[in-house]
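Worksheet: one structure, shown below.
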Amino acid sequence: MSEPTIPLANRPAWKALQTHATQIRATHLRQLFADDPHRGERFAIQAEGIFLDYSKNRITAETIALLTHLAEESRLRERTESMFTGQKINITENRAVLHVALRAPKTESIIVDGEDVVPEVHKVLDKMSTFSDRVRSGEWKGHTGKRIRNVVNIGIGGSDLGPVMAYEALKHYSQRDLTFRFVSNVDGTDFAEAVQDLKADETLFLVASKTFTTLETMTNAHTARDWTLAALGDESAIAKHFVAISTNAKEVARFGIDTENMFGFWDWVGGRYSMDSAIGLSTMIAIGPVNFHAMLAGFHAMDRHFRTAPLAENLPALLGLLTVWYTDFFDAQTVAILPYEQYLKRFPAYLQQLTMESNGKHVTLTGEHVGADTGPIYWGEPGTNGQHSFYQLIHQGTRLIPCDFIGFFKTLNPLGRHHDILTANVFAQAEALAFGKTAEEVKASGTPDELVPHKVFEGNRPSNTILADLLTPETLGKLIALYEHAVFTQGVIWNIDSFDQWGVELGKVLAQKIIGELESAEEPALDHDVSTSRLIRLYRSKK
Ligand code: G6Q
């Protein structure tokens, strides 16, 4: 793979952006709008049914030109091709990164290590479809001959957040006589509460784990096994009530799940990029194979757009570059994701993993310090709820928080005036953030002098408004792929490996050691720092 040899700070566009930023930082959005009556059209694009208004950003045409130059200098195009053609761009794990293959049509071919992976992808999708149909129709029976009523996904991180988010997002399309639960936390409460009203003979567990060795998932899976056996009393029940989603057939068999009931995927699917692989089995059972395929088509449409659209009209590239702009030239620490769609309530949590596990890195592909700030903190809640809690800080605090507002022209639940009221709030918030309210305006409304400073809104706070027609499986696929490729764009600029996650390792190793120390019958000899050792002793004395 070709790598940019020029360090970030020496790239000409980066230097030009530094100079340019000093001018823009001194300019108010009020001024930028006053200067250009066509700004609302100039900085808006529509592609693949997604409308992006990015005019309320602190940018000019020159900013976009410089940012797209930066993308070119950083070889975004070449890197994108490397990803789409199966090169091993996950350098530190020596792996291809091919979530785009998960939604490639049958007619495409993508070669990894001399083999076309697309037929394999479709083979698994077909197996998932057959299985989902059997569960949905009631043909798949539990051990006692009863049909399955409950589906419990056991997984964590990438094997949980995508499935939960997609289930919530697409609940409208789900089969309502099936109950779905998601167990991820090793805290026993998660499992206990998930199954407390379920009957074992009507419950199917999907054990979702790429490695099939993850401590939390294996602990929960064994507890689920015990719970099932306690109710059904017979080992042969496991085959009817457990399926596995994994790349590790050996461990699946060792757990006691028939590998016939295993849905595979591949090492080139990263956990946080896996919700459209077999990891999405719970989604497919919920919404059915036809809707699942519509979701894949949405992903694929955005993949194509990202690969082919000119950078200045490229939704993911622009979204990614704007984040680099605020992170590195405005010292913004976070990005708020604000979906005005109740079904997207888990979307910010999903994006947290996608963005922060991908771009929370401090060294480049070649191991040097990046020399700039990388992945910002993503967070958010659905609107309008957030307006009554944390928006105060976004409007009047001292920090700059770029916001992504996500809304829809139509609602899946038309109820009186609700949708107009909801959407009015999206537009009002973006308007208030950008333009604020000056001291003169506050005074003119009769505010006593001493209150004026408190009621001033500085404005000049940037946001994107992302709109689509209706939340469908296809739209969801597009939205997710939009952010996946925005994250990739950022990673390319910073020249980091967006696809590894070494930062989660150290805590895992230490926990393994401490588990032994908490559980040992003998008083353990502790060689931790004094704080940790004392906490361990305290727990042992109180537990
Ligand atoms: C995602 C990460 C991580 C992973 C979980 C679960 O990109 O790799 O969140 O998905 O640790 O791993 P398993 O699927 O192997 O259980």
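Numbering-wise (this note's numbering), the sequence shown opens with residue 747 and increments by one. The C-beta atom is built at its ideal place from N, Cα and C for all residues, glycine as well.
- Specify, as a first and last residue, the run of the alpha helix (DSSP H) that Q1138 falls within. Per DSSP, Q1138 belongs to the alpha helix (DSSP H) from 1137-1142.
- Between the region 1060-1073 and the region 861-876, are three or more C-beta pairs nearer than 8 angstroms? Fewer than three pairs of CB atoms, one per stretch, sit closer than 8 angstroms, so the region 1060-1073 makes no contact with the region 861-876.
- Task: Give the secondary structure of H1164 by DSSP, where H, G and I count as helix, E and B as strand, and everything else as coil.
- Result: The answer is helix: DSSP assigns H1164 an H, G or I state.
- Message: Based on DSSP bridge pairs, tell me the residues matched to H1115.
- Response: BP columns for H1115 point to V1109.
- Message: I need the straight-line Cα distance from A967 to V953, nearest angstrom please.
- Response: Going by the C-alpha atoms only, they are around 7 angstroms apart.
- Message: I'd like to know whether the C-beta atoms of L1111 and A817 end up nearer to each other than 8 angstroms.
- Response: No. Outside cutoff.
- Item | 7 angstroms Cβ shell around G1249 - same chain, five flanking residues per side excluded | Hits under 7 angstroms: G1106.
- Task: Assess, as a yes-or-no matter, whether the region 1141-1153 is touched by the region 1070-1083 under the definition of 3 or more beta carbon pairs within less than 8 angstroms.
- Result: Contact between the region 1070-1083 and the region 1141-1153 is present, because at least three Cβ pairs lie under 8 angstroms.
- At what residues does the alpha helix (DSSP H) containing D1290 begin and finish? The chain is shown from 747 up to 1289; residue 1290 falls before or after that span and cannot be answered.
- Is it true that the CB of A1032 sits closer than 8 angstroms to the CB of L907? Taking 8 angstroms as the Cβ cut-off, L907 and A1032 do not qualify as a contacting pair.
- Item | Beta-carbon spacing of S820, I1242 below 8 angstroms | Judged by beta-carbon spacing, I1242 lies beyond the 8 angstroms limit of S820, meaning their Cβ atoms are not closer than that value.
- Item | Extent of the continuous beta strand (DSSP E) run through R1000 | First-last for R1000: 995-1001, but that is the alpha helix (DSSP H), not the beta strand (DSSP E).
- Quick one: is the Cβ of R971 within less than 7 angstroms of any heavy atom of ligand 1? Outside the cutoff, so no.
- Roughly how many angstroms separate the alpha carbons of M747 and F1234, rounded to a whole number? Because M747 sits at a pLDDT of 46, beneath the cut-off of 50, its placement in the model cannot be relied upon, and the following sentence gives the value as read from the coordinates. Roughly 15 angstroms between the two C-alpha positions.
- Message: Does the distance between the C-beta of E1103 and the nearest non-hydrogen atom of ligand 1 fall short of 7 angstroms?
- Response: Because some heavy atom of ligand 1 lies under 7 angstroms away, the Cβ of E1103 counts as near it: yes.
- Meets three-Cβ-pair contact criterion under 8 angstroms: the region 1217-1229 and the region 1188-1201: As far as the Cβ criterion goes, the region 1217-1229 does not touch the region 1188-1201, which means the pair count is below three.
- Query: Does the beta-carbon distance from G904 to G1017 come in below 8 angstroms?
  - Reply: Taking 8 angstroms as the cut-off, the Cβ atoms of G904 and G1017 count as close.
- Message: So the candidates are G884, S920, G1044, P758; which of them puts its Cα closest to the Cα of L848?
- Response: Measuring from the Cα of L848, the nearest candidate turns out to be G1044.
- Task: Counting only the same chain and skipping the five closest in sequence on each side, list residues whose C-beta sits under 6 angstroms from that of A759.
- Result: Answer for A759: L812, H815, L816, E819, listed in chain order.
- For R1018, is the beta carbon positioned less than 7 angstroms from some heavy atom of ligand 1? Yes - ligand 1 has a heavy atom lying nearer than 7 angstroms to the Cβ of R1018.
- Query: Regarding T963 and ligand 1, is the C-beta to nearest heavy atom distance less than 7 angstroms?
  - Reply: Yes, the beta carbon of T963 sits closer than 7 angstroms to at least one heavy atom of ligand 1.
- Item | Backbone secondary structure at A1180 - three-state DSSP | Reduced to three states, the DSSP call for A1180 is helix.
- Item | Check whether P1062 and L1228 have beta carbons under 8 angstroms apart | The answer is yes: Cβ separation under 8 angstroms.
- As assigned by DSSP and simplified to three states, the class of Q1247: In the three-state DSSP reduction, Q1247 falls in the coil class, being neither helix nor strand.
- Message: Let me check understanding here. Comparing Cα to Cα, which of T925, K996, A1047, I991 lies closest to G1026?
- Response: Comparing Cα positions, the closest option is I991.
- Task: Could you have a look at V843 and say whether DSSP puts it in helix, strand or coil?
- Result: Three-state DSSP puts V843 in coil, outside helix and strand.
- Message: Using CA atoms only, rank isn't needed, just tell me which of P1128, M1102, E1059, I1083 is closest to K1091.
- Response: Comparing Cα-Cα distances from K1091 to each of P1128, M1102, E1059, I1083, the minimum goes to P1128.
- Secondary structure at S820, three-state DSSP: helix, strand or coil? In the structure shown, S820 sits in coil (DSSP, three-state: anything other than H, G, I, E or B).
- Item | Residues near P1035 by beta carbon distance below 7 angstroms, same chain, minus five either side | So the list reads S875, S878, D879, once near-sequence residues are dropped.
- Task: State the Cα-Cα distance for the pair E1230 and L1100, rounded to the nearest angstrom.
- Result: Rounded to the nearest angstrom, the two C-alpha atoms are 7 angstroms apart.
- Nearest residue (CA-CA) to I1123, options L1168, E1103, D1013, K956: Per the Cα distances, E1103.
- Task: Have a look at the DSSP bridge pairing and note the partners of F1009.
- Result: In the DSSP secondary-structure assignment, F1009 is bridged to I991.
- Task: Answer yes or no: the CB of I902 versus the heavy atoms of ligand 1, is any distance below 7 angstroms?
- Result: In this structure, I902 has its CB closer than 7 angstroms to one or more heavy atoms of ligand 1.
- Query: From A1055 to M1048, what distance separates their C-alpha atoms?
  - Reply: Cα-Cα distance, rounded: 10 angstroms.
- Minimum C-alpha distance to D859 - residue among V867, T838, K834, K869: K834 is the residue among V867, T838, K834, K869 whose C-alpha sits nearest the C-alpha of D859.
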